[in-house]
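Just below is one structure, and these are the notes that go with it.
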Amino acid sequence: MYSTKEELEKAWPIGTIIGDEEVTQRFFVASDVILDKIRDYFGESKIEKISPHHVLVKRHVYTTIDGYIFDGNDWWPAVRSGRQWQVYYPEVF
2 MYSTKEELEK AWPIGTIIGD EEVTQRFFVA SDVILDKIRD YFGESKIEKI SPHHVLVKRH
62 VYTTIDGYIF DGNDWWPAVR SGRQWQVYYP EVF
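Each position in the sequence shown, counted from 1, maps to that position plus 1 in this note's numbering.
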């Protein structure tokens with residue numbers, strides 16, 4: 002993709018947002034203390050109580066360029082996926 006790391010760093014700086022997805026998570030709430038902690042962490046506006054002991058939390062997950070991979074010939078932008086790195090292949094139109 003890029004023959005030098007400098008070209009890649011110019012085109013895809015680390016931290017570049019390449020994906021934005023809204024996800025919904027369901028949490029079990031055993032007490033009001035836990036509910037307060039969830040509210041503090043995510044914010045009141047993102048929480049919907051669906052039963053006395055369950056809440057839904059809507060939040061955005063951003064995918065960013067986390068580093069670079071060299072395959073022996075070219076440099077590629079990379080994202081971290083759990084404990085492994087994956088090459089990010091930008092769509093070409």
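The beta carbon of each residue, even a glycine, is placed where N, CA and C say it ideally should be.
Contact check, residue i vs residue j, beta carbons under 8 Å
i   : j   : result
W76 : K6  : yes
V58 : I48 : yes
R60 : V30 : no
Which listed residue (the options) has its alpha carbon closest to that of residue i
i   : options            : result
L36 : D21, P53, V24, E23 : P53
G83 : V34, Y90, T64      : T64
D62 : M2, Y3, S4, E22    : Here residue 62 is Val; the residue named in the question, Asp, does not match the sequence. It is E22 whose Cα lies nearest to the Cα of V62.
Pairwise C-alpha distance: residue j and residue i
i   : j   : result
F43 : L9  : 35 Å
D72 : V80 : 15 Å
I39 : M2  : 43 Å
S4  : P78 : 12 Å
I19 : N74 : 24 Å
Endpoints, the beta strand (DSSP E) within which residue i is located
i   : result
E22 : 18 to 29
K50 : 48 to 52
I70 : 68 to 71
Y42 : No beta strand (DSSP E) contains Y42, which is instead part of the alpha helix (DSSP H) from 33 to 43.
Heavy atom of the ligand GTP within 7 Å of residue i beta-carbon
i   : result
P14 : Among the components of this structure there are no ligands whatsoever, and the ligand GTP is therefore not found.
N-terminal and C-terminal residue of the alpha helix (DSSP H) that residue i is part of
i  : result
E8 : 6 to 12
Next item on the list: Could you say if the region 13 to 22 and the region 65 to 80 meet the contact criterion of at least three C-beta pairs nearer than 8 Å?
Entry: yes
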